[in-house]
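K.L.:
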Amino acid sequence: MRIQKENTAGLVIDIQERLYPHIHEHEAIARNTGILLKGMKVLGVPVLVTQQYTRGLGPTIPGLLDLIKGFPVIEKTAFSCCDEPEFIRALAETHKQFILIAGIESHVCVLQTVIDLVERGYQPVLVEDCVSSRKANDKSTSVRRMRKGGAIITSYESILFELCRFSGTDEFKSISKLVK
């Protein structure tokens with residue numbers, strides 16, 4: 002099934018200051034998520050951002066703060082984004098079916114959100130090189146479970162070109178510069 006930008010929204014889950022330094026390959030996750038966010042802006046894909054208990058875990062990391070300006074940031078205390086009424090309302094308002102997911106931690110908030118999105122009739126698209134956990138094994142185990150549970154697994158470069166669809170366009174040129 003082809004994922005098209007007109008039916009796609011993005012979701013960045015809990016990439017926050019106090020948890021981020023403890024995440025496996027955290028610098029790569031921040032870099033890749035930044036490219037994904039820039040690409041979604043180029044393509045006009047709406048994005049939702051969550052922060053888990055901001056008072057305790059801090060805000061979204063500085064490297065992504067400028068990139069999420071203008072996108073809704075939803076405070077949550079539930080692990081699954083879908084257990085927060087404000088998130089469900091904001092997601093429904095996007096009128097999108099495919100939800101591109103980046104964030105931490107893979108085996109907790111990301112996993113539970115993916116499970117709940119599938120149950121609610123959405124198609125989660127896990128951007129594998131934009132998610133992680135403190136332990137590499139927790140990430141790999143949860144990615145396998147999400148795949149079996151119905152998530153599509155992709156990489157940021159692959160999904161950006163899939164959403165772009167055609168070469169020779171201004172969007173293609175912008176995406177090409179981002180991924181080089």
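Going by my numbering, the first residue of the sequence shown is number 2, and it counts up by one from there.
Ideal Cβ placement from N, Cα and C applies to all residues, glycine included.
1) What does the alpha-carbon distance come out to for the pair S175 and E163?
2) Could you give the DSSP three-state label for K77: helix, strand or coil?
3) By how many angstroms is the C-alpha of F173 removed from the C-alpha of G104?
4) Is S143 closer than 8 Å to L112 when the C-beta atoms are compared?
5) May I ask you to verify whether the region 116-133 touches the region 46-64, counting CB pairs closer than 8 Å and requiring at least 3?
6) Got a sec, what are the start and stop residues for the beta strand (DSSP E) G64 sits in?
7) Let me confirm a value: K1 is counted as buried when at least 16 other C-beta atoms fall within 10 Å, else exposed. Which label applies?
8) For H27, which residues in the same chain have their Cβ closer than 6 Å to its Cβ, ignoring the five residues on either side in sequence?
9) Do V109 and F72 have their CB atoms nearer than 8 Å?
10) By the three-class DSSP mapping on this structure, what secondary structure does P22 have?
11) Are there three or more Cβ pairs, one per stretch, closer than 8 Å when the region 135-154 is compared with the region 30-49?
12) Tell me the residue span of the alpha helix (DSSP H) that contains F162.
P.N.:
In terms of the structure at hand:
1) 14 Å
2) strand
3) 25 Å
4) For L112 and S143, yes; Cβs fall inside 8 Å.
5) no
6) Per DSSP, G64 belongs to no beta strand (DSSP E); it is in the alpha helix (DSSP H), P63 to L66.
7) The structure shown does not extend to residue 1, since the chain is modelled only from 2 through 181, so no value can be given for it.
8) Y21
9) no
10) helix
11) Touching, no, given that fewer than three Cβ pairs across the two stretches are closer than 8 Å.
12) Y157 to C165
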